[in-house]
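Peer 1: So the protein lines, in turn, are chains R and W.
Quick note on this note's numbering: the first sequence kicks off at 1 and runs consecutively.
Quick note on this note's numbering: the second sequence kicks off at 101 and runs consecutively.
2 protein chains.
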Amino acid sequence: MGDIYRALADPTRRALLDALAAADGQTLFALRNALLERGLTPTRQAVSQHLDVLEEAGLVHVRREGRYKFHDLDTRPLREIPRRWPIP
Amino acid sequence: MGDIYRALADPTRRALLDALAAADGQTLFALRNALLERGLTPTRQAVSQHLDVLEEAGLVHVRREGRYKFHDLDTRPLREIPRRWPIP
DNA sequence: TGGACAGGCAAGTAACGACTTGCCTATGCT
DNA sequence: AGCATAGGCAAGTCGTTACTTGCCTGTCCA
Numbered sequence: 001m002g003d004i005y006r007a008l009a010d011p012t013r014r015a016l017l018d019a020l021a022a023a024d025g026q027t028l029f030a031l032r033n034a035l036l037e038r039g040l041t042p043t044r045q046a047v048s049q050h051l052d053v054l055e056e057a058g059l060v061h062v063r064r065e066g067r068y069k070f071h072d073l074d075t076r077p078l079r080e081i082p083r084r085w086p087i088p
Numbered sequence: 101m102g103d104i105y106r107a108l109a110d111p112t113r114r115a116l117l118d119a120l121a122a123a124d125g126q127t128l129f130a131l132r133n134a135l136l137e138r139g140l141t142p143t144r145q146a147v148s149q150h151l152d153v154l155e156e157a158g159l160v161h162v163r164r165e166g167r168y169k170f171h172d173l174d175t176r177p178l179r180e181i182p183r184r185w186p187i188p
């Protein structure tokens with residue numbers, strides 16, 4: 001499994017997590033549009049590669065249906081953070 | 101203020117936070133030794149530069165006493181993470 | 001007062017990461 | 001069947017970042 005810290009390091013990936021937190025189960029194109037509305041201008045491939053990183057980190061899960069690929073947020077890997085450095 | 105996500109992205113910096121979570125108020129040399137015991141082999145300057153990044157992110161605070169510089173952990177900036185992406 | 005110890009500064013290198021570009025595959029609709 | 005849509009693959013570019021190297025400053029103590 002990948003590295004959640006590296007996954008969180010990029011602002012575009014954080015915006016993707018934000019978009020998924022607002023609406024789960026979005027496709028690649030829908031997510032790209034969500035980023036465009038937030039002022040970011042990534043290409044489709046850029047979004048795709050970012051989603052790969054998020055998936056490897058276990059923060060996003062993918063389910064395929066026909067020609068669509070839906071993305072779901074999973075924040076559970078983030079539990080490691082407050083467990084590792086307890087927050088008062 | 102800097103970026104906590106970028107600060108967390110590097111494994112050496114995370115090891116520094118681990119070392120400070122285990123024992124607060126360590127000097128640069130003490131922290132370097134702590135990393136050496138964890139199998140990392142950073143130079144003094146590398147450690148110094150990592151501490152700068154952590155300080156800019158607000159995760160580490162510094163107090164100077166004579167020729168020593170003590171480093172203290174502050175995990176409060178990490179609160180943003182579970183607030184931004186709620187963890188079930 | 002001089003030397004050992006703690007740390008600082010700055011320039012250079014090397015590798016990694018984000019992003020693009022071009023082309024390809026697969027599914028659904030008319 | 002044919003075209004548009006959703007997505008995939010792979011190589012290449014460019015900027016950032018981690019790390020080194022060399023030298024310098026400041027503090028403490030014998």
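In this text, a Cβ means the ideal position worked out from N, Cα and C, and glycines have one as well.
Here the structure is a predicted model, which means the values were calculated and not measured.
(1) Any idea if R/ALA19 is buried or exposed, counting beta-carbon neighbours within 10 angstroms, 16 or more meaning buried?
(2) What residues of chain W sit near R/LEU78, judged by a beta carbon separation below 9 angstroms?
(3) For R/LEU73 and R/ASN33, I'd like the C-alpha separation in whole angstroms.
(4) To the nearest angstrom, how far is the alpha carbon of R/ALA7 from that of W/ARG163?
(5) Can we count W/LEU108 as close to the ligand SAM, meaning its CB is less than 7 angstroms from some heavy atom?
(6) Use the C-beta contact count for R/HIS61: other C-beta atoms within 10 angstroms, 16 or more gives buried, fewer gives exposed.
(7) Is W/ARG138 helix, strand or coil when you go by DSSP?
(8) Closer than 8 angstroms, CB to CB, is R/ARG64 near chain W or not?
(9) Please confirm if R/THR75 has its CB atom under 8 angstroms from at least one CB of chain W.
(10) Under the rule that 16 or more other beta-carbon atoms within 10 Å means buried, what is R/TYR5, buried or exposed?
Peer 2: For this structure:
(1) With 16 or more other Cβ atoms within 10 Å, it is buried.
(2) Those within 9 angstroms of R/LEU78 in chain W are ILE181, PRO182, TRP185, ILE187.
(3) Distance between the alpha carbons of R/LEU73 and R/ASN33 is about 17 angstroms.
(4) Rounded to the nearest angstrom, the two C-alpha atoms are 32 angstroms apart.
(5) Absent from the structure shown: the ligand SAM. Ligands present: none.
(6) Exposed, because fewer than 16 other Cβ atoms sit within 10 Å of the Cβ of R/HIS61.
(7) W/ARG138: coil per DSSP, three-state reduction.
(8) With 8 angstroms as the cut-off, R/ARG64 does not count as an interface residue toward chain W.
(9) At least one beta carbon of chain W lies nearer than 8 angstroms to the beta carbon of R/THR75.
(10) R/TYR5 should be labelled buried.
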